[in-house]
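Here's the structure, in structure tokens; my notes come after.
Residue numbers (this note's numbering), protein chains in the order written: chain A, 6 to 138; chain B, 6 to 138.
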């Protein structure tokens with residue numbers, strides 16, 4: 006047997022579903038965060054390699070499930086911005102992620118044999134590997 | 006806006022990586038649990054829609070990373086069984102999942118607006134939707 010890996014990187018994914026459909030997950034939140042940053046649904050979608058149509062559909066599904074608008078169309082050239090509720094949802098997801106990460110890491114250190122366990126960056130906007138936008 | 010979904014199902018995935026390769030995750034643990042149940046790597050692999058070769062490769066990768074055998078080949082018709090260490094890893098993963106689920110659910114109930122949030126069954130051996138075996 007080779008020398009064991011004494012280091013492991015902990016990974017996790019958190020999301021909500023209803024009837025097998027994603028209600029809210031990392032990809033959806035990433036899309037909201039990009040809209041907030043870029044002020045444009047089109048640019049946000051593009052920056053995530055997503056079509057406008059698909060980004061729009063996902064947003065509308067989440068809004069329907071949540072019962073409130075996440076984005077506000079400011080009309081014409083003014084583009085999109087997040088609603089207060091949209092901002093709150095992005096913040097809630099970030100906080101949820103932080104808390105679960107802390108808890109999962111503490112438990113992993115107690116339960117598994119690696120000498121060191123770390124997590125990926127806490128930056129939720131970096132990942133190109135998202136698959137449940 | 007339609008009536009909001011007042012219920013959401015919380016979902017999560019937990020795994021370990023090293024240098025971008027999965028060291029241990031739900032699929033790997035599921036494979037170990039099936040070997041324990043069925044006493045056969047071949048049957049375990051088949052029951053998860055996996056080839057023997059692929060199951061074997063994944064096991065060997067995990068063993069190399071962990072530095073200890075997870076399975077014991079009992080020779081010929083006696084088949085495979087888990088090592089003590091393999092059993093401990095399966096139990097550690099199950100306990101990790103339980104702790105993270107409790108913590109994630111409590112935080113979600115505090116942070117998100119749904120009236121009720123539940124989780125999928127705690128049974129880690131049920132899912133056909135696993136993609137990181």
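Note that CB positions come from ideal geometry on N, CA and C, so glycine has one too.
Residue 35 of chain A, DSSP secondary structure in three states: Helix, per DSSP.
Cβ contact check for the stretch 11 to 24 of chain B and the stretch 115 to 126 of chain B: 3 or more pairs under 8 angstroms: Yes, the stretch 11 to 24 of chain B is in contact with the stretch 115 to 126 of chain B.
Residue 17 of chain B at chain A interface by Cβ criterion, 7 angstroms: For residue 17 of chain B, the nearest CB of chain A lies under 7 angstroms from its own CB, placing it at the interface with that chain.
Contacting residues, own chain, Cβ-Cβ under 8 angstroms from residue 95 of chain B (five flanking each side not counted): If we look at residue 95 of chain B and ignore the five residues flanking it on each side, its Cβ neighbours are 34, 37, 38, 41 and 87.
Beta-carbon proximity of residue 84 of chain A to residue 44 of chain A, cut-off 7 angstroms: The answer is yes: Cβ separation under 7 angstroms.
Which listed residue (A:105, A:98 and A:81) has its alpha carbon closest to that of residue 116 of chain B: That would be A:98, whose Cα lies nearest to the Cα of residue 116 of chain B.
Completely contained alpha helix (DSSP H) runs for the stretch 16 to 73 of chain B, where each covers 4 or more residues: Residue ranges of uninterrupted alpha helix (DSSP H) with 4 or more members, entirely inside the stretch 16 to 73 of chain B and ordered along the chain, are 31 to 43, 46 to 52 and 57 to 71.
Where the stretch 21 to 48 of chain B meets chain A: residues whose CB sits under 7 angstroms from a CB there: Flagged, chain order: 21, 22, 23 and 28.
Assigned exposure category for residue 103 of chain B - 16 Cβ within 10 Å defines buried: Counting Cβ neighbours within 10 Å, residue 103 of chain B comes out exposed, since fewer than 16 surround it.
Under 7 angstroms between C-beta atoms of residue 75 of chain B and residue 68 of chain B: Yes, the Cβ-Cβ distance between residue 75 of chain B and residue 68 of chain B is below 7 angstroms.
Contact set between residue 112 of chain B and chain A, taken where Cβ atoms lie within less than 7 angstroms: Near residue 112 of chain B (Cβ distances below 7 angstroms), the residues of chain A are 101, 104 and 105.
Which of helix, strand or coil DSSP assigns to residue 137 of chain B: Residue confidence for residue 137 of chain B is low, a pLDDT of 40 falling below 50, so the modelled location carries little weight and cannot support an answer.
Cα-Cα separation, residue 146 of chain B to residue 27 of chain B: Past the boundaries of the shown model lies residue 146 of chain B; chain B is included only from 6 to 138, so the question cannot be answered.
Cβ-based neighbour list, residue 49 of chain A, same chain, cut-off 7 angstroms, excluding 5 preceding and 5 following: Excluding sequence neighbours, residue 49 of chain A sits near 36, 39, 40, 43 and 60.
Residue 131 of chain B versus residue 29 of chain B - alpha carbon distance: Because residue 131 of chain B carries a pLDDT of 39, less than 50, the predicted location of this residue cannot be relied on, and no value is offered for it.
Beta strand (DSSP E) runs wholly inside the stretch 77 to 130 of chain A, at least 3 long, in chain order: Entirely contained in the stretch 77 to 130 of chain A, the beta strand (DSSP E) runs reaching 3 residues are, in chain order, 85 to 87 and 121 to 124.
Classification of residue 141 of chain B by the beta-carbon crowding that lies within 10 angstroms, buried from 16 upward: Because chain B in this structure spans residues 6 to 138, residue 141 of chain B falls outside the shown range and cannot be described.
Where residue 82 of chain B falls, given that 16 or more other Cβ within 10 Å makes a residue buried: Under this definition residue 82 of chain B is an exposed residue.
C-beta neighbour in chain A for residue 14 of chain B, strict 7 angstroms: Judged by the 7 angstroms Cβ criterion, residue 14 of chain B is in contact with chain A.
Min CB distance residue 87 of chain B to chain A below 7 angstroms: Chain A contact via Cβ: absent.
Whether residue 109 of chain B touches residue 105 of chain A by CB criterion (7 angstroms): Taking C-beta atoms as the reference points, residue 109 of chain B and residue 105 of chain A count as a pair closer than 7 angstroms.
Cross-strand partners of residue 14 of chain A (DSSP beta bridge): DSSP links residue 14 of chain A through a beta bridge to A:123 and B:22.
Residue-chain proximity (residue 116 of chain A, chain B), Cβ-Cβ < 7 angstroms: Interface residue, yes.
Rounded Cβ spacing between residue 46 of chain A and residue 57 of chain A (contact assumed at less than 8 angstroms): About 7 angstroms separates the CB atoms of residue 46 of chain A and residue 57 of chain A; that is less than 8 angstroms, so the two are in contact.
Alpha-carbon to alpha-carbon, residue 107 of chain A and residue 142 of chain A: Shown here, chain A extends from 6 to 138; a query on residue 142 of chain A therefore has no answer.
Chain-ordered neighbours of residue 109 of chain B on chain A, where CB pairs are closer than 7 angstroms: Neighbours of residue 109 of chain B on chain A, chain order: 19 and 105.
Burial state of residue 32 of chain B, where buried means 16 or more other Cβ atoms lie within 10 Å: Counting Cβ neighbours within 10 Å, residue 32 of chain B comes out buried, since at least 16 surround it.
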